[in-house]
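So the sequences go chain by chain: A and B. Oh and the first sequence: position 274 is 262 in the numbering used here, straight run, nothing missing. Oh and the second sequence: position 21 is 474 in the numbering used here, straight run, nothing missing. Glycine included, each C-beta is placed from N, C-alpha and C at the ideal position. Below is one structure, written out as structure tokens; the observations come after it.
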Amino acid sequence: MARIALDTVGDDDRRRIDYLTAMRKLWSTDVFGRLRAEFDALAEREGAPATLEEAGELVDRCPSYGWFGFLERGAQVLKWRVVNDVVERNWDALGDDLRPPHLSRAELDPDLELPAWYRDHDIHCQPGGVWGADASALVYEIGTQVLHVGRNRGLELHRRFTATFPGETYGRIVDMGSGFGKSTRPFKERYADADVIGIEFSGPCVRLAATRADDDGLEITFRQGDASATGLPDASTDVVTGTMVLHEMPPDVLRATFAETARILAPGGIVRFLEFTRTGDLFRDAVMEDHAWRQNEPFMPGLMEFDVERELAAVGLAGARWVPFDERTGAELPDGYPERAEWHLPWAVLEAHKPAAETVEEGAA
Amino acid sequence: MIDIDEFAEGPEPAFLGSATVDQLAAMVLTLGMELSVLAARVAELEDRDPATDSQSASSLLTRLFANLRPSSGHSRPLVAERLDLAPRA
Ligand SMILES: C[S@@+](CC[C@H](N)C(=O)[O-])C[C@H]1O[C@@H](n2cnc3c(N)ncnc32)[C@H](O)[C@@H]1O
């Protein structure tokens, strides 16, 4: 496995990152557990909430909720400060990771105008977003390592998702919102003969993605562009996928992205996005609703409200549904999420397909 | 390079009652982080197993969390008051 930015950091920085990781762990186990106990006690006294709004009001009254919210956002803010600093101090070594690739391709579009909905808030509280400077992609890469602890440098979750794809081979796979390629590389690993393309708004991420793929000996095309207007030909791909990208889009862009997905998919092609959905546990769902605001992800609740069946059918994609996903094992959970004591993101796969072209009946006009 | 302050737009949301309390809590957590770095360096100087470093980071945090959380020190009365769970006479 190729070197990643985290390998460059010195011992002290590694300890800072260990500390942040330990903080997240305590927050997601201890603090979350206490919050749940408070919520359950309140619900027992006052009656269980019947709606998401009622659950939200109840969770707001739990004594630990302020602390829980502070730690979630506070850890995130502190993380970016630490990581920015790390990248700045190690820039001489890290900047080289944006070199031109030799095996993969980084297709940059210097004229691409990033839309205001994308520019106007710093997603995940990362100052300057994942696109604001060359350093942003490296800051983002290290940042993901702080959250995904001990999971083989963050690729494992993506590999588990890739393993759920039904096909033995595919001609072309398009990964929307490919970031620095963490979600894209596992496709080329599993489907070595496929033409794998990542579409990504951020130029620095496109460059880093190509280097990382190169270092792993994977030939992938990363194209700086818009998931809702990829420029790829009609009916030219067998798979459209994406990981953690839909929830970053406002509803009209979501609609446009699904329309684009339907356009570039060949008949019989499949759609599988790894995302988040409601769990049906009103307590978790209420906390998740606020999580979106605490992490500067204003469009996340909109995705959860999005009527996928109707909206995807409207653009010609059939069978749309959410299938809960266990990020620890890669198992799909058609019967819903199991009980878990700790806080976890409600991972789910949004799946659909483009119906195979109808065979024209003999003698039809 | 990113200048973080260039992106700061207005105050952070206040979770702990007021922005000042949030800022103070954030400072304590940052101090905790630097303490964990120092603790690990001392461990190294004393030739202790580096594996204990991470343990020390989390036990440091456990203590910090226990003392920092808003209800600590008077958690019973506060929780009891909010939830009306005080033992009935
Ligand atoms: C949370 S990241 C996930 C990256 C990657 N899929 C992964 O799993 O590591 C979402 C990415 O989607 C990109 N993005 C969001 N909206 C996009 C759009 N409309 N077109 C292209 N990229 C987009 C962002 O720049 C960001 O890099």
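Distance cut-off 7 Å: residue i Cβ against heavy atoms of ligand 1
i: V303(A); result: no
i: F437(A); result: Nothing can be reported for residue 437(A), as the shown portion of chain A is limited to -11 through 353.
i: D214(A); result: yes
i: V75(A); result: no
i: W119(A); result: yes
i: V227(A); result: no
i: M276(A); result: no
i: T231(A); result: yes
i: H146(A); result: yes
i: Y7(A); result: no
i: G167(A); result: yes
i: F189(A); result: yes
i: C113(A); result: no
i: E236(A); result: yes
i: V71(A); result: no
i: V241(A); result: yes
i: Y53(A); result: no
i: M164(A); result: yes
i: C50(A); result: no
Within chain A, partners of residue i - CB distance below 8 Å
i: A496(B); result: Those do not exist, as A496(B) stays about 10 Å from chain A at its closest Cβ, beyond 8 Å.
Chain A residues whose Cβ lies nearer than 7 Å to that of residue i
i: T483(B); result: L66
Run of the alpha helix (DSSP H) containing residue i, from where it starts to where it stops
i: I5(A); result: D(-1) to L14
i: E156(A); result: First-last for E156(A): undefined, no H or E at that position.
i: V296(A); result: V296 to A302
i: V184(A); result: From DSSP, V184(A) is part of no alpha helix (DSSP H) but of the beta strand (DSSP E) over D183 to E188.
i: G226(A); result: Just to set this straight, residue 226(A) is Asp in the shown sequence, not Gly. From DSSP, D226(A) is part of no alpha helix (DSSP H) but of the beta strand (DSSP E) over T225 to T231.
i: Q64(A); result: Y53 to R77
i: K170(A); result: Here K170(A) belongs to no alpha helix (DSSP H), and DSSP marks it neither H nor E.
i: L30(A); result: F20 to E34
i: T199(A); result: G191 to D203
i: G83(A); result: Segment: none, G83(A) is in no alpha helix (DSSP H) and carries neither H nor E.
i: V490(B); result: A472 to L498
i: F271(A); result: L270 to R282
i: T150(A); result: E144 to T150
i: L40(A); result: L40 to D48
Under 9 Å from the C-beta of residue i: neighbouring residues of chain A
i: S471(B); result: The premise fails here: S471(B) is roughly 11 Å from chain A at the closest Cβ pair, so nothing lies under 9 Å.
i: D500(B); result: Chain A residues near D500(B): none, gap ~15 Å exceeds 9 Å.
i: M486(B); result: R3, R4, Y7, L8, M11, L66 and V70
Contact set between residue i and chain B, taken where Cβ atoms lie within less than 8 Å
i: E156(A); result: Simply none; closest approach about 42 Å.
i: L14(A); result: S511, L514, T515 and F518
i: S216(A); result: Near S216(A) there are no residues of chain B at all, since even the closest Cβ is about 26 Å away, more than 8 Å.
Residue span of the beta strand (DSSP E) that contains residue i, given as start and end
i: W310(A); result: A306 to P312
i: P255(A); result: L253 to F264
i: H341(A); result: W335 to H341
i: Q212(A); result: T209 to Q212
i: E95(A); result: R93 to E95
Where residue i falls, given that 16 or more other Cβ within 10 Å makes a residue buried
i: A345(A); result: exposed
i: A533(B); result: The pLDDT assigned to A533(B) is 42, lower than 50, so where the model puts this residue is not dependable; a value taken from the coordinates is nonetheless given after this. By the neighbour-count rule (16 or more Cβ atoms within 10 Å), A533(B) is not buried but exposed.
i: E188(A); result: buried
i: E499(B); result: exposed
i: N140(A); result: Unreliable positioning characterises N140(A) in this predicted model, as indicated by a pLDDT of 45, which lies under 50. A coordinate reading is not provided.
i: T231(A); result: buried
i: D59(A); result: Residue identity check: residue 59(A) is Leu in the sequence provided, not Asp. The residue in question, L59(A), is buried, as its Cβ has 16 or more Cβ neighbours within 10 Å.
i: V296(A); result: buried
i: R4(A); result: buried
i: T17(A); result: exposed
i: D6(A); result: buried
i: W331(A); result: buried
i: A94(A); result: buried
Contacts that residue i makes with chain B (C-beta to C-beta distance below 7 Å)
i: S190(A); result: Going along chain B, no residue has its Cβ under 7 Å from S190(A), so there is no contact; the nearest lies around 13 Å.
i: A121(A); result: M454 and I455
i: F58(A); result: F468, L469, D475 and A478
i: D0(A); result: V490
i: V118(A); result: The contacting residues do not exist; V118(A) stays about 11 Å from chain B at best.
Near ligand 2: residue i beta-carbon under 7 Å from a heavy atom
i: S171(A); result: Absence of ligand 2 is noted for the structure shown, with ligand 1 being the only ligands found.
Spatial neighbours of residue i in its chain, beta-carbon cut-off 8 Å, leaving aside the 5 residues before and after
i: R148(A); result: E315, T317 and G318
i: D517(B); result: Note on identity: in this sequence residue 517(B) is Leu, with Asp being the wrong assignment. For L517(B), where only same-chain residues beyond five positions count, the Cβ hits under 8 Å are V481, L482 and G485.
Cut-off 6 Å between Cβ atoms - residues of its own chain near residue i, not counting five sequence neighbours on either side
i: V227(A); result: Y158, I161 and I258
i: E144(A); result: none
i: A510(B); result: S489
i: L333(A); result: F264
i: G138(A); result: Low local confidence applies: a pLDDT of 44 at G138(A) is under 50, so the model's placement there is unreliable, and no value is given.
i: L220(A); result: I252
Own chain, CB closer than 7 Å to residue i, minus 5 neighbours either side, in chain order
i: D202(A); result: P89, H90, L91 and S92
Proximal chain B residues relative to residue i, where beta-carbon distance stays under 9 Å
i: G62(A); result: E465, F468, D475, A478, A479 and L482
i: D18(A); result: T515 and F518
i: E76(A); result: M454 and I455
i: V127(A); result: I455
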